[in-house]
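Report on one structure; see the data block that follows.
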Amino acid sequence: MSQSKHAIKIWDVPVRLFHWTLLALFAFLFWSGKTGGNAMVWHMYAGYAVLALVIFRVLWGFAGSTHARFASFLAGPRRMFDFARALLSRSPAHSVGHNPLGGWMVVVLLGSLALQASTGLFANDDIATEGPLTALISKELSDRLTTIHRWNFDFLLICAGLHVLAVLFHVFVKKENLVAAMFTGVKKFDGEVVGSKGSAVRFANSWLALGLFVLALVAVYLIVKRPF
């Protein structure tokens, strides 16, 4: 007996733009950080952009569409354990939004990105580049935050690698194309679907998303420039 097919609109435009913009910025930050020199000027601007994106995503996690909200995908230990145990079964139930493990990975990534962007504001390279807030603290503290900035980026690379492996597992083993879903907003899968009530999905206004992003940009500007 063939299983019914499901195609459900899940991801709103703000979430998709956030995801792919963050990916591009992360790749650029990796390149510019390794290159150094004049590229560090743009490295800093990209870091400001990441900080704005993280602030926006946190706000959108409370005010956004159904599956963008933290409340929709943060699961307790029991649900996480049950999902992990069922992951290798022949026909596990699919999660409509982020699965219990993926939901917490989102939180870890957002926290690590916030730490990365924040420490970058106080970091220095002992040559010619320093963050915009470095003058507010001692050289010793700046050096410590610079070390955290470097170590945390390695942690982010590990998290990104785990994320890619998880996506590949879903695409090639579970036949659930998460990459296409993050482009189109629509997830397609066979079998049982957890939380598949389409009527329960509410999409927030895109103008609200734009307003929150502008608010995030203003916040970053005030942090970096300190005009007052």
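Counting along the sequence shown from 1, when you hit position 4 you're at 3 in numbering that gives the first Met the number 0, and nothing is skipped either side. Ideal placement from N, C-alpha and C gives every residue a C-beta, glycine not left out.
*Report the residue ranges of all alpha helix (DSSP H) runs contained in full by the segment 52-76; include only those spanning at least 4 residues, in chain order.*
69-72
*Asp124 to Trp41 span [Cα, whole Å]*: Sequence index remark: in the sequence shown, residue 124 carries index 125 (1-based). Sequence index remark: in the sequence shown, residue 41 carries index 42 (1-based). One C-alpha to the other measures close to 15 Å.
_Residues of its chain near Ser195, where Cβ-Cβ distance is below 8 Å and the 5 sequence neighbours each way are ignored_ = Taking the first residue of the sequence shown as 1, we reach residue 195 at position 196. Since pLDDT at Ser195 reaches only 45, below the 50 mark, its modelled position is unreliable, and the value read off the structure follows with that caveat. Once the five neighbours on either side are set aside, the close Cβ partners of Ser195 are His5, Ile7, Val95.
*Along the alpha helix (DSSP H) that carries Phe121, what are the first and last residues, could you check?*
The sequence position of residue 121 within the sequence shown is 122, counting from 1. Careful: Phe121 lies outside any alpha helix (DSSP H) and carries neither H nor E.
_Looking at the strands, I want to know which residues DSSP matches up with Ala6._
The residue labelled residue 6 in the question sits at position 7 within the sequence shown. In DSSP, Ala6 forms a bridge with Lys187.
*Enumerate in chain order the residues of its own chain whose CB-to-CB distance from Glu129 is below 6 Å, with the five nearest sequence positions on each side excluded.*
Reading the sequence shown from its first residue, position 130 is the one you call residue 129. Same-chain partners within the cutoff: Asn123.
_Distance, Lys187 Cα to Cys158 Cα_ = The sequence position of residue 158 within the sequence shown is 159, counting from 1. The sequence position of residue 187 within the sequence shown is 188, counting from 1. Taking the straight line joining both Cα atoms gives about 25 Å.
*Is Ser64 near Val14, with beta carbons less than 9 Å apart?*
Within the sequence shown, numbered from 1, the residue matching residue 64 stands at position 65. Within the sequence shown, numbered from 1, the residue matching residue 14 stands at position 15. A contact, by the Cβ cut-off of 9 Å.
*State the beta-bridge partners of Glu129 as determined by DSSP.*
Taking the sequence shown and counting its residues from 1, one reaches residue 129 at position 130. Answer by DSSP bridge pairing, in chain order: Asn123.
_Let me confirm a value: Ser198 is counted as buried when at least 16 other C-beta atoms fall within 10 Å, else exposed. Which label applies?_
Stepping through the sequence shown from its first residue, residue 198 is reached at position 199. Unreliable positioning characterises Ser198 in this predicted model, as indicated by a pLDDT of 48, which lies under 50. A coordinate reading is not provided.
*Do Leu73 and Ile222 have their CB atoms nearer than 9 Å?*
Walking along the sequence shown from the start, residue 73 turns up at place 74. Walking along the sequence shown from the start, residue 222 turns up at place 223. Against a cut-off of 9 Å, the Cβ pair of Ile222 and Leu73 comes out as no contact.
*asked:* According to DSSP, is Ser141 part of a helix, a strand, or is it coil?
replied: Residue mapping note: residue 141 aligns to position 142 of the sequence shown, counting from 1. DSSP places Ser141 in helix when its eight states are reduced to three.
_Presumed contact (8 Å Cβ cut-off) between His66 and Trp10, rounded CB distance_ = As a position in the sequence shown, residue 66 is number 67, starting the count at 1. As a position in the sequence shown, residue 10 is number 11, starting the count at 1. Correct: roughly 7 Å between the Cβ atoms.
*Run the proximity test for Leu164: is its beta-carbon closer than 8 Å to any non-hydrogen atom belonging to the ligand NAP?*
The model depicted lacks the ligand NAP and carries no ligand whatsoever.
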